[in-house]
Every structure is written in C-alpha cells, then in structure tokens.
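Protein chains in written order, with my numbering: chain A, 1 to 449; chain B, 1001 to 1414. A virtual CB, placed ideally from N, CA and C, is assigned to each residue, including glycine. Quick caveat: nothing in here was measured; it's all calculated off a predicted structure.
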Amino acid sequence: MSDTQKQIHLAAHFPGVNNTTVWSDPEAGSQIDFASFSHFARTAERARFDFLFLAEGLRLREQGGEIYDLDVVGRPDTFTVLAALAAVTDRIGLAGTINSTFNEPYEVARQFASLDHLSAGRAAWNVVTSWDAFTGENFRRGGFLAEADRYTRAEQFLRTAWELFDSWAPDEVVADPESGRFLRTPDAGTFAHRDQHFDIAGRFNVPRSPQGRPVIFQAGDSDQGREFAAATADAIFSRHSAPEAGRVFYQDVKGRLARHGRTPDELLILPAATFVLGDTDAEAAERAHEVRRSQVSGQTAIKFLEHVWNRDLSGYDPDGPLPDIDPDPGEHTVARGRASVRMVRDPLATASEWRQRAKAEGLSIRELVIETSARQTFIGSPATVAAAVNAAVQSEVSDGFILAPHLVPGGLDEFADTVVPLLQERGVFRTEYEGRTLRDHLGLRTPGV
Amino acid sequence: MSPSPPSPPAPPAPLHLAVALDGAGWHPASWRDPRSRPDGLFTAGYWLDAVQEAERGLIDFVTFEDALSLQSTDPAGDDRRTDQVRGRLDAVLTAAAVAPLTRHIGLVPTAVVTHSEPFHLAKAIATLDHVSTGRAGVRVRVSASAHEAAHFGRRSLPEFRPEDIGLPGAQEPARELFGEAADYVEVLRRLWDSWEDDAEIRDTATGRFIDRAKLHYIDFEGDRFSVRGPSITPRSPQGQPLVTALAHASVPYGLVASSADVGYVTPHDAAGARAVTDEILAARDAAGRGGETVHVFGDLVVFLDETAAAAKARRQRLDETAGAPLTSDAEVFTGTPAELAGLLIDWQRAGLTGYRLRPAVTGHDLPAITRGLVPELQSRGAFRRAYQAGTLRGLLGLPRPAGRYARVRAGGQS
C-alpha cells in the first residue's frame, strides 16, 4: 500500500423517483417497505461505505397537468427512515436531503441533532433550496422565494441552525444524581438570531450531539451554489462524474475555499455515479445497453422531449424523427416539480442542436434521448470498474462517488461483493471502519463551539 | 419474524393500557432515583429498553412527550433550573429509532401542531407506520406559549396557560388554537387517504408505475393554511394511523370528539371520569361521529410498590429531593399494583375504555406496571394475555378504514 494514494470515499444513494430506477425489472422490489431500506443500508455498511443517502420529495411531479406516472412515484419521509435505519446499522453515515425553504431552523436543527444522538454521530444534511410556488402549495407558509433569495435563505438558515447546535456546550449535561446537578449552567441552549429571513430567540432544546453539527452536504451547481458550498459545506454532491467535467468542477470549487479561510481537504467533492457490472467488459456493455432501453421507454422519451419543447408532444412517434416544430419559449408549464427542467437554459438552441445530431447519426426520438440523457458512469467488469473509480479519484476528478444503482433493494450487492474487495486490495478503500462517526469516516474534524 | 396476523377484535377484556414516556419519569426528581439512567436519556438504547419493557407487558402503546421548547416549571418562560432534566430528542425520530427493534407495541410520538407543517407530519407519521408495519400514531399538541412561538418567529401568541383554559379570557385564544388543530388533523387524515391502497400498479404493459386516478388532491382550505396534496408517501399499513390528544376542558374535548381516535383525560375520581366521558361522547355524536369508536383514556401518574407504605415513602423521598411536592394535571396514584388494578376497573365502569399511565420513575414504575399491574389485571380477566392483532388499530378494536376518496370513487362519483 502506497502512502501517496488518496483514499476513496464511497456512498450509496437509495434510488427513487426518476427514470434511472428500473422498476419494471423482475428483481425490482418495494420503494416504500422498510425492508428495502434496511437491506440497502446493511449492504452499504457491509461494504464499509461512508454513508447512505436519501433524497426527499415535497410534491408529486406533474406533466401536462397530470401526476407523472411513468417513474417510481412516492417516497417515505427522509428523517423517519434515517432514524429507523439508525436502529439496524451501526457505523454507516445517514445522510438526508432537507429543504431550507419549507422548513424552519429550530425544528430542522432539533431533528438533525436528534438523529445525530440516536445514531451516535452519523447524521448528515444535504441542504437544498426550493424554487417554486408549485411546491409551496403543500405548505402553510405557502409562499416561495425569488430565485435570487434562495441561497440567501439557505445560508441564513444554515447559519441559524449552527447557532442552535452550538448553543449547548459539549459537557453541558452533567446528570449527576448525587449533586443534583443535571445541567452545568442555567443558560444552556440560549440563542438569539436576527437576520433578513429569521428573527428568533429563546432556548434550543437538544443537547450538543456527538458530531457537534451534522455533516453538511450541498448539491447546487450554479455559481451561487458553488460559493455557498465553498463557504459552508463539508461535502458537495455534484453532477460531474465524467473525467473532464469532473476535474474542471473539482478545481473550481476547491479553488474557492481559500477565500473563505478553508483548506482543500475541508470540502469533499462526491459526484453522483451509476454503474453496470458484468463478468466481462463486453457483457457489462450489453447489460448497460439493456438498462438504458429500460430506463428510456418510448413514452419516457416523449415526456423527456416535452421538458425541452415545453409542449404536448404526445402525438409524436418515439421511433420517428424529432419534431420539426420549435419549443415554446414561454414560461415552463409542461413539467412541474422537476429540477432537471431548469437545466435547459436555451430550449431553442438545444432543440436545434439535437435535430442536427439526430439527422447526422440517424437517431429516432428515443435513440436520441438515450444518447443525450445517458448517466452511466462506470461500465465494465469489476476489475475495469475498480480501476476506473480509482483512476478518477487519484486524478482529482473527485474524492469519491455517491453510487446510485438502478435497482432496489439489491442493486448495490454486486458492487459490494466484487468491486469493493478489489479497491481494498489496492489499498485505496478501508477494510474496516476506523472511527465511529461520519466525520471520522470522511476525515472531517468535529467542530468546536 | 413477521408480525402476528390480524384477527377479529374479540379481546378477553376490553381494558387498554398505554404508557407515557418522558425523560426519566414524571416526577421532577425521577432522574436522581438509583434505578434511573440519566446519562442515557439522549441515546437510542435508553428509549429502546423502555419500549421493549412496555412491550413485554403487552401494553397497547407508548407515547413520547415532546415540545418545541426547553422543559420549564414556569409555563410562561424559562425557569433556568439546573436541577431537573432539560433537553429532549425529537419524539417522531425517537419512535422511528425503536420501531425496527420492536414488533407489537404501538408508537405514538407527540407533535406540536401550532408551528409545524401538516404535510411534513403526515408523511412522517405515515412513514412511521410503514417502518413499524402498522403501529404508528401521533399525539397532537397545541402550543399556547409565547416563548415557543419566539423559536419560530412567524406568529405571536397572547400568553395563556393551558390549565386556565376554562377561564373566560382564555376561551377565544383556545378556540383559535384548537380550531387550527382540528384543521391540521383534517389535513393529516386527508393526506393519509390521498393514495388509494392499490394506487401502485407497476403495469409493465402500459409503462405506468401508478394509476393516477387513485391519487387525489386534498385541496384543503382553512383560515390559517391551505394544502393541495396528494401526499408523497403511499397509504400506510393502517390506512389511518392513530390520532390522539390530551384534553382538560370543553374546547379540547371538542378536538378529541371531532378529530381523535383516543383522548387522554385527567379525572380525579369515578364521578369525574363519568362526567368527562359523557361530555366527549355527546360531543362526538354532535360532530357526526356517532358510529365511530373514540377511546377515552384516563391519565394517571403512578408510584407502584409492593406495599402502599413503601410507595408513599418513595414519593415523599422524591418530593424531598425535588424540594417541593409533586404537582400534576393528572391524578397521582400511590400504592400497590392490586390497589391500582381495583381503581382502573372501578373507573372503567364509569366509562373510560383505558388508561395512559405516567410512570413517576420510568426505571422503577414502568417495570412495576409490566410485572406487577399487568399480571394483576390478567388474573382478574381485565387485560390481554397476548398481543392479538398485528396493528395498533387492531389492538384497540378499531377497523382499518377505507380511504375517503376510494369510497367516493366506489360510489360512482368523481
């Protein structure tokens, strides 16, 4: 084992409501039953992964004014599942997305502090923002934020939560029956916070948790999002798993840290990644192709195209050519509750580019969508995938990966059984947990008060 | 191992028992009892041990106390005391953290409905029902405290004490808060019904994961909030998890009558038990729920020992340690399991269908309930000898309701 090799961080994302989850596979299980989460978490822990990750949902997606029915629909509550998983696992980190727009700091801070206590120091929070009145219709505050205010609220929300976490000293609970002293001081938990978004004061009611503060993840990719992460996050859940884009992103974000008084090892870059394994590279490639065909049915391809065209395209044949009409450049109303829709900044240009490509390569609608939306990161035999994962980390594409298999609950099993041992043999991935907390696994310091 | 299958509700005796868990117990000095584990209060293991002890005693369910503020002896603000338990973990998360390691007992966390979002709570309790395979409930709690409101900064509340609710000046704020709570429960229940049981179809022939006709917008519009729906969490094993509330006066009795499956009340004798159950059941009928079961449970703080003298002496010692006699909204029982069994059966004849016992010292009085009181009740034919249902509703003899939207659809309406 060479000392110069970076250690890889690996995590598992429980897959859900998007077309990468192949629910039609005979091996696909429940997306709701706790047994699925339990199996998934235990597999990840058996493989010595750093953490497992859950997304959240606050409104069912709609397309064309109807609830979207082609992908997995429905999820359980993030906090509740993570707390239950704390009971059936011992070491693996428990990370959840919790929105900062439709929550309040006092409540979220006590939920995360509670999760950190109940899991003995394994909680992580992926701080996200919401963007629309569509989601707001499910919440009593109802309102929504202008896009420009999203990160202001998120950052102030996070800083408020930190103030609450820090309001108890680590040794505040004495609990000595002899002396009758439960608290060391009468002012434990005292806080007062006032800024543009929050004006709150009083006493926080959860003692300081094992990690002090949960590990903070951030997933935004805009310039604002990257700056927010550089200022506040412990890790970034990025989209950039491809080598070139990954390296550019890695350099950019790590380069922002110094101006926030931080060092490059204080922020881990962990892209989302998928994988398809086979006994040989050829077999894996064939399986990968099958997976893509399952992920993008003809109907899914048309719906995907509607995201860009912002029009009803249900009359088009998915096996035929792309529509010759142009996208509707107006306000996006066809698909709702979907982050990916926002990523197409210029629909006319995208449509034109896709038409040219489809024509040049002779692609049907479905084939084009399969090509342009492919998110398969690692395809090959276990040896090939292990080498690729390691090469990416050693060449600073990332500090590791958050793997999202396309099957529940067994989608991680093969990776755990075949790829992980090869990484361990190379000396780039742990064979045992060395610490007890998620901060230990990630090599992050526990914040002082 | 799988939970035992549901069976028709034919319990040998109709008395139900719940245990209320809070810190080291309900006496302020309970944490200093030699059998308490005050250094474990913020660990999962502490709560798991307590719930497993209750489960060994075949208890229907446990409740977990909670609040969105620090404990205080002064309802108007912080008492800044350092000699009592301060700090608590989120009750829903605590219940979830014991769910996979228990099998039969119901889990009923407290949730403050004045400040939280019904959409979040609906999915959290539905998920608790999924992770416990049908054992979830919630105790909805109103918060009237100005200092708790200051933790959210979204609304200011006129200061009033819940125990003053009978006073003329408190009526209006109480109606406002409990009216909001009733709306909140309505939203919970609609969201729980917003997915029909068989909405997930996984139809590979048509490529559809769900039948969207079996998902429903709830379109709730109230004075204080509106919620569109549907829930993001599919319908849970019980369909409707248990809704419970503690009530001390007519306005909150109305909430129990209109919205709850179980109400906790605090009578101090059999006549009081009769009066409160009559009032709640009349209000239930007036609310149009005449055909439905609303359980009325008596709340009691309990000190249990082998002799009445020992229980009394223990209570005195704890009072001395605390520096003041115990005060409680509920009747405080001090005596033997046999004496308590007699009282429970007596008040049951006055209309109560069960009890929520608050152990004065969890480490002492909880095992006294499970190993002393329960066998005593069993020997009198007044309590079950085994869990006889797979869900909490089943334990309480409540049916699994069909979803309201499914009923409408089945009736041929849109």
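Give the range of the alpha helix (DSSP H) segment to which A349/A is assigned. Taken as a continuous stretch (DSSP letters only), the alpha helix (DSSP H) holding A349/A covers P347 to E361.
Which runs of the beta strand (DSSP E) at least 3 residues long sit entirely within the segment 90 to 175 of chain A? Give them in chain order. DSSP assignment within the segment 90 to 175 of chain A yields the following whole beta strand (DSSP E) runs of 3 residues or more, N-terminal first: 93 to 99 and 123 to 128.
W1031/B (DSSP reduced to helix, strand or coil): Three-state result, W1031/B: helix.
At what residue ranges does the segment 1120 to 1149 of chain B contain a whole run of the alpha helix (DSSP H), taking only runs of 4 or more? If we require 4 residues or more, the alpha helix (DSSP H) runs fully inside the segment 1120 to 1149 of chain B come out as 1146 to 1149.
Inter-stretch contact at 8 Å, needing at least 3 Cβ pairs: the segment 1184 to 1194 of chain B / the segment 1108 to 1121 of chain B: Output reads yes: the segment 1108 to 1121 of chain B touches the segment 1184 to 1194 of chain B.
Report the residue ranges of all alpha helix (DSSP H) runs contained in full by the segment 1024 to 1086 of chain B; include only those spanning at least 4 residues, in chain order. Every alpha helix (DSSP H) of 4 residues or more that sits fully in the segment 1024 to 1086 of chain B is shown, in chain order, as 1044 to 1056.
For P1237/B and S1007/B, the rounded distance between their alpha carbons: For S1007/B, the predicted model reports a pLDDT of 49, less than 50, meaning its position is unreliable; a value from the coordinates is still stated below. The C-alpha of S1007/B lies about 15 Å from the C-alpha of P1237/B.
Can you tell me which of E331/A, R48/A, R311/A and D77/A puts its alpha carbon nearest to the alpha carbon of G57/A? Nearest Cα to G57/A within the set E331/A, R48/A, R311/A and D77/A: D77/A.
Hey, out of P1241/B, R1080/B, D1346/B and S1250/B, whose CA is closest to A1402/B's CA? Nearest to A1402/B by alpha-carbon distance, out of P1241/B, R1080/B, D1346/B and S1250/B, is P1241/B.
If L52/A and A12/A are in contact, beta carbons under 8 Å, what's the gap, nearest whole angstrom? Correct: roughly 5 Å between the Cβ atoms.
Closest by CA to V1113/B, which one among D1022/B, L1015/B, L1128/B and A1181/B? Residue A1181/B is the option with its Cα nearest to V1113/B.
Report the rounded CA-to-CA distance for S2/A versus V397/A, giving the unit in angstroms. Any reading at S2/A needs caution, since the residue's pLDDT is 48, under 50, leaving its predicted position unreliable; the model's value is listed next. Cα to Cα, S2/A sits roughly 20 Å from V397/A.
Distance, Cα to Cα, S364/A vs R292/A? Their Cα atoms are separated by approximately 15 Å.
DSSP state of R1202/B mapped onto helix, strand, coil: If DSSP states are grouped into helix, strand and coil, R1202/B belongs with the strands.
Please decide whether R436/A counts as near chain B, where near means a Cβ-Cβ distance under 7 Å. Chain B contact via Cβ: absent.
What is the DSSP secondary structure of D1299/B, reduced to helix, strand or coil? Judged by DSSP in its simplified three-state form, D1299/B adopts strand.
Bridge partner(s) assigned by DSSP for A335/A: Looking at the DSSP output, A335/A shares a beta bridge with Q63/A.
Among G1087/B, Y1184/B, F1220/B and D1060/B, the one whose alpha carbon lies nearest that of H1295/B: Comparing Cα positions, the closest option is D1060/B.
Please determine, among G1298/B, T1327/B and G1335/B, the residue with the shortest C-alpha to C-alpha distance to R1314/B. Comparing alpha-carbon positions, the option among G1298/B, T1327/B and G1335/B lying closest to R1314/B turns out to be G1335/B.
Can a CB atom of chain B be found closer than 7 Å to the CB of V206/A? In terms of beta-carbon proximity, V206/A lines the interface with chain B, with at least one pair separated by less than 7 Å.
Going by C-alpha distance, which of A120/A, P421/A and E107/A is nearest A1097/B? Ranking A120/A, P421/A and E107/A by Cα distance to A1097/B puts A120/A first.
Could you check whether the Cβ of T1082/B sits closer than 7 Å to any Cβ belonging to chain A? With 7 Å as the cut-off, T1082/B counts as an interface residue toward chain A.
7 Å CB neighbourhood of T437/A in its chain, flanking five on each side removed: Closer than 7 Å at Cβ, skipping near neighbours: G121, R122, P210 and Q211.
Below 6 Å CB to CB, which residues in the same chain sit around A1091/B once its five sequence neighbours on both sides are set aside? For A1091/B, where only same-chain residues beyond five positions count, the Cβ hits under 6 Å are F1064, D1066, P1109 and T1110.
Grouping DSSP H, G and I as helix and E and B as strand, with all else coil, what is H1016/B? It is a strand residue.
Could you pull out every residue in the same chain whose Cβ sits closer than 7 Å to the Cβ of V1131/B, ignoring the five residues on either side in sequence? Take V1131/B, set aside five residues on each side of it, and the residues of its chain with a beta-carbon closer than 7 Å to its own are A1096, A1099 and P1100, in chain order.
Per DSSP, E1221/B is paired with what? In DSSP, E1221/B forms a bridge with S1226/B.
From G1057/B, G1363/B and D1219/B, residue whose alpha carbon lies closest to that of D1193/B: Of the listed residues, the one whose Cα sits closest to D1193/B is D1219/B.
Check for me: the alpha helix (DSSP H) holding L267/A runs from which residue to which? If you look at L267/A, you'll find it isn't in any alpha helix (DSSP H); DSSP assigns it neither H nor E.
Please classify H117/A as buried or exposed, where buried requires at least 16 other C-beta atoms within 10 Å of its C-beta. A residue is called buried when at least 16 other Cβ atoms come within 10 angstroms of its Cβ; H117/A meets this threshold and is buried.
Cutoff 8 Å; reference T129/A; Cβ partners in own chain excluding five residues on either side: Annotation for T129/A: N99, S100, T101, L145, R150, Y151, R153, A154 and G220 place their beta carbon closer than 8 Å to its own, counting only its chain and skipping 5 residues before and after.
Report yes if the CB atom of G298/A is closer than 7 Å to the CB atom of R366/A, and no otherwise. Cβ atoms of G298/A and R366/A: closer than 7 Å.
If you drop the 5 nearest sequence neighbours on each side, which residues of the same chain put their C-beta closer than 8 Å to that of I67/A? Hits under 8 Å: L60, R61 and V73.
Under 6 Å: does the beta carbon of E163/A sit that close to some heavy atom of the ligand NAP? No copy of the ligand NAP occurs in the structure displayed, which carries no ligand at all.
Can you find a C-beta in chain A that's less than 7 Å from the C-beta of A1020/B? Judged by the 7 Å Cβ criterion, A1020/B is not in contact with chain A.
Per-residue contacts from L1070/B into chain A (C-beta, under 7 Å): The answer, in chain order, is G189, R203 and N205.
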